[in-house]
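> Numbering (this note's numbering), first residue to last: 51 to 343.
Sharing a structure here in structure tokens format.
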Amino acid sequence: MKLIEGKPIAEAVYRECLETFAMLKEAGHVPGLAVVLVGEDPASKAYVGSKERKCQELGMHSVKIEKPAETTQEELLAVIDELNADDSIHGILVQLPLPKHLNEDEVIMRIDPAKDVDGLHPVNIGKLAMDDPSGFAPCTPSGCQRMLIEMGIETSGKNVVIVGRSLLVGKSLALLMMGKGEGGNATVTVAHSRTRDLEALTRSADILVAAIGIPKFIGPDHVREGAVVIDVGINRIVDASAKNGSRLVGDVDFDAVAERCEAITPVPGGVGRMTIAMLMANTIRACRLRAGL
Ligand code: GUN
């Protein structure tokens, strides 16, 4: 069994980022990312904090906009309008999920597609569906695909089963992996809560992707001997023996599944590392496109 670790692959992405970054800086451009956080969700706060730290580490311009949970739709749309008009900002990310009273789709559609480094605007999702590489692909799916490419895992003609149909991960990853580019040309099936006989389906997968958000949902009965398993889940569970009373686990029961796999991503230290790396890469690319370089 091979462990697919996120760190060295993310570092390869950062090396590319720094090269492009140096070229941009020389030409007088500094990539800027704005992250918008509404409310107090602790997991979202932690993600936003790590995005900000990474921007600073790379020397990028970084803006964090924190709004209270009671923020209205109009107020949030006004924030987006301001960021769309701000020439120092090349990427805008609105941390999801938003509080229930807000309309997420309307907020995402308000973002200038050229600044939508999260790749969730319909223009970017549409370009992904059209195999048009001029758009931005969502960060977690492109991170998963990059991991497969870097590990030399062939996807062309392979059966890929993705469990989970969110736009943020499952549905977008399906578009990427059935696309015609590198890390694509797979035969993709997307399973979800209504899928019948899930175990039989997931056992047909050469590459199985778990993106459902249920701790340790995928067990040995779901996995064919010799499959590649990509675990997108990041779930915090109570664990009295852990230092702070909780720990992170994936959507895959790693200990029960790992020995069957040809390769598997750990949690933490797997896909999670890639999401921020791809966000930085998208932001630097947004700046480059804007600069016409
Ligand atoms: N929440 C969890 N993952 C993500 C992500 O990739 N983008 C955004 N905007 N929100 C998230």
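Backbone N, C-alpha and C define an ideal beta-carbon position, used for all residues, glycine too.
Keep in mind the model is a prediction, meaning the values are calculated, not measured.
Assign arginine 323 to one of two classes, buried (16 or more other C-beta atoms within 10 Å of its C-beta) or exposed (fewer than that).
Looking up residue 323 in the sequence shown gives position 273. The residue is buried, with at least 16 neighbouring Cβ atoms inside 10 Å.
> How many angstroms separate the CA atom of methionine 201 from the CA atom of isoleucine 314?
For the purposes of this step, residue 201 is identified with residue 151 of the sequence shown, where counting begins at 1. For the purposes of this step, residue 314 is identified with residue 264 of the sequence shown, where counting begins at 1. So the two alpha carbons sit approximately 11 Å from each other.
> Can you say whether methionine 180 is buried or exposed, counting buried as having 16 or more other CB atoms within 10 angstroms of its CB?
The sequence position of residue 180 within the sequence shown is 130, counting from 1. By the neighbour-count definition (other C-beta atoms within 10 Å, threshold 16), methionine 180 is an exposed residue.
> Thinking just about the alpha-carbon of each residue, which of Asp256, Ala260 and Ile334 is nearest to the one in glutamate 312?
Numbered from its first residue, the sequence shown carries residue 312 at position 262. Looking at the Cα atoms, Asp256 is the closest of the given residues.
> Provide the residue span of the beta strand (DSSP E) that contains alanine 241, from first to last.
Here residue 241 refers to the residue found at position 191 when the sequence shown is read from its first residue. 237-241 is the span of the beta strand (DSSP E), which, as asked, contains alanine 241.
> Regarding valine 113 and the ligand GUN, is the C-beta to nearest heavy atom distance less than 7 Å?
Working through the sequence shown from its first residue, we reach residue 113 at position 63. Valine 113 Cβ: outside cutoff for every heavy atom of the ligand GUN.
> Indicate the three-state DSSP secondary structure (helix, strand or coil) for isoleucine 287 in the structure shown.
Counting from one through the sequence shown, the residue named residue 287 turns up at place 237. Reduced to three states, the DSSP call for isoleucine 287 is strand.
> Should lysine 52 be labelled buried (16 or more other beta-carbon atoms within 10 Å of its own) or exposed?
For the purposes of this step, residue 52 is identified with residue 2 of the sequence shown, where counting begins at 1. Burial call: exposed.
> Roughly how many angstroms separate the alpha carbons of proline 316 and serine 100, rounded to a whole number?
Along the sequence shown, one-based indexing puts residue 316 at 266. Along the sequence shown, one-based indexing puts residue 100 at 50. Each residue's Cα considered, the two are about 19 Å apart.
> Looking at the secondary structure, which residues open and close the alpha helix (DSSP H) in which lysine 293 lies?
By one-based count along the sequence shown, residue 293 stands at place 243. Per DSSP, lysine 293 belongs to no alpha helix (DSSP H) and is neither H nor E.
> Compute every distance between the C-beta of aspartate 182 and the non-hydrogen atoms of the ligand GUN, then say whether any falls below 7 Å.
Numbered from 1 along the sequence shown, position 132 holds the residue referred to as residue 182. No, since every heavy atom of the ligand GUN falls outside the 7 Å radius drawn around the Cβ of aspartate 182.
> Hey, quick one: how far does the beta strand (DSSP E) through leucine 218 stretch, first residue to last?
As a first step, residue 218 is located in the sequence shown; it is residue number 168 there, counting from the start. It is not in any beta strand (DSSP E) - leucine 218 carries neither H nor E in the DSSP assignment.
> At a threshold of 7 Å, does glutamine 123 count as lining the ligand GUN (C-beta to nearest heavy atom)?
Here residue 123 refers to the residue found at position 73 when the sequence shown is read from its first residue. No, Cβ of glutamine 123 sits at least 7 Å from all heavy atoms of the ligand GUN.
> In angstroms with no decimal places, state the Cα-to-Cα distance between valine 307 and valine 279.
Mapped onto the sequence shown, residue 307 falls at position 257. Mapped onto the sequence shown, residue 279 falls at position 229. Cα-Cα distance, rounded: 9 Å.
> What number of angstroms, rounded off, separates the C-alpha of proline 183 from the C-alpha of lysine 177?
Here residue 183 is taken as the residue at index 133 of the sequence shown, counted from 1. Here residue 177 is taken as the residue at index 127 of the sequence shown, counted from 1. The alpha-carbon atoms of proline 183 and lysine 177 are separated by roughly 7 Å.
> Which residues does DSSP pair with asparagine 209 in a beta bridge?
Sequence index remark: in the sequence shown, residue 209 carries index 159 (1-based). In DSSP, asparagine 209 forms a bridge with Thr237.
> State whether the segment 273-288 contacts the segment 237-245, with contact taken as three or more CB pairs (one from each stretch) at a distance under 8 Å.
Because the criterion of three Cβ pairs below 8 Å is not met, the segment 273-288 and the segment 237-245 do not touch.
> Residues in the same chain with beta-carbon distance under 8 Å from leucine 198, minus the five sequence neighbours each way, listed in chain order, please.
One-based indexing of the sequence shown puts residue 198 at position 148. When the five nearest sequence neighbours on each side are left out, the beta carbons in the same chain lying within less than 8 Å of the beta carbon of leucine 198 are those of Thr205, Gly233, Ile257, Val278 and Ile280, in order along the chain.
> Over what stretch of residues does the alpha helix (DSSP H) that includes serine 192 continue unbroken?
Taking the sequence shown and counting its residues from 1, the one referred to as residue 192 is at position 142. 189-200 is the span of the alpha helix (DSSP H), which, as asked, contains serine 192.
> Would you list the residues sitting across from leucine 143 in a DSSP beta bridge?
In the sequence shown, residue 143 corresponds to position 93, counting from 1. DSSP lists Val85 as partners of leucine 143.
> Taking Cβ positions, are isoleucine 268 and aspartate 303 nearer each other than 8 Å?
On the sequence shown, position 218 is the one that residue 268 refers to. On the sequence shown, position 253 is the one that residue 303 refers to. Yes.
> For lysine 114, which residues of its own chain have a beta-carbon under 6 Å away from its beta-carbon, when the five flanking residues on both sides are left out?
As a first step, residue 114 must be located in the sequence shown, where it is residue number 64. Hits under 6 Å: Val85 and Glu102.
> Express the C-alpha separation of asparagine 294 and serine 230 in angstroms, rounding to a whole number.
Sequence index remark: in the sequence shown, residue 230 carries index 180 (1-based). Sequence index remark: in the sequence shown, residue 294 carries index 244 (1-based). The displayed chain sequence assigns lysine, not serine, to residue 230. So the alpha carbons of these two residues sit roughly 45 Å apart.
> May I ask you to check if the CB of leucine 152 is nearer than 7 Å to at least one heavy atom of the ligand GUN?
The residue given as residue 152 occupies position 102 in the sequence shown. Leucine 152 Cβ: outside cutoff for every heavy atom of the ligand GUN.
> Shortest alpha-carbon distance to proline 147 belongs to which of Glu275, Met73 and Ala93?
By one-based count along the sequence shown, residue 147 stands at place 97. Taking only the C-alpha atoms, the option nearest proline 147 is Ala93.
> Compute the beta-carbon to beta-carbon distance between valine 210 and valine 259, rounded to the nearest angstrom, for a pair I have assumed lies under 8 Å.
Residue 210 sits at position 160 when you count from the first residue of the sequence shown. Residue 259 sits at position 209 when you count from the first residue of the sequence shown. Their Cβ separation, rounded to whole angstroms, is 7 Å, which keeps valine 210 and valine 259 in contact under 8 Å.
> For glutamine 106, which residues in the same chain have their Cβ closer than 8 Å to its Cβ, ignoring the five residues on either side in sequence?
Translated into the one-based positions of the sequence shown, residue 106 becomes position 56. Contacts found: Ser112.
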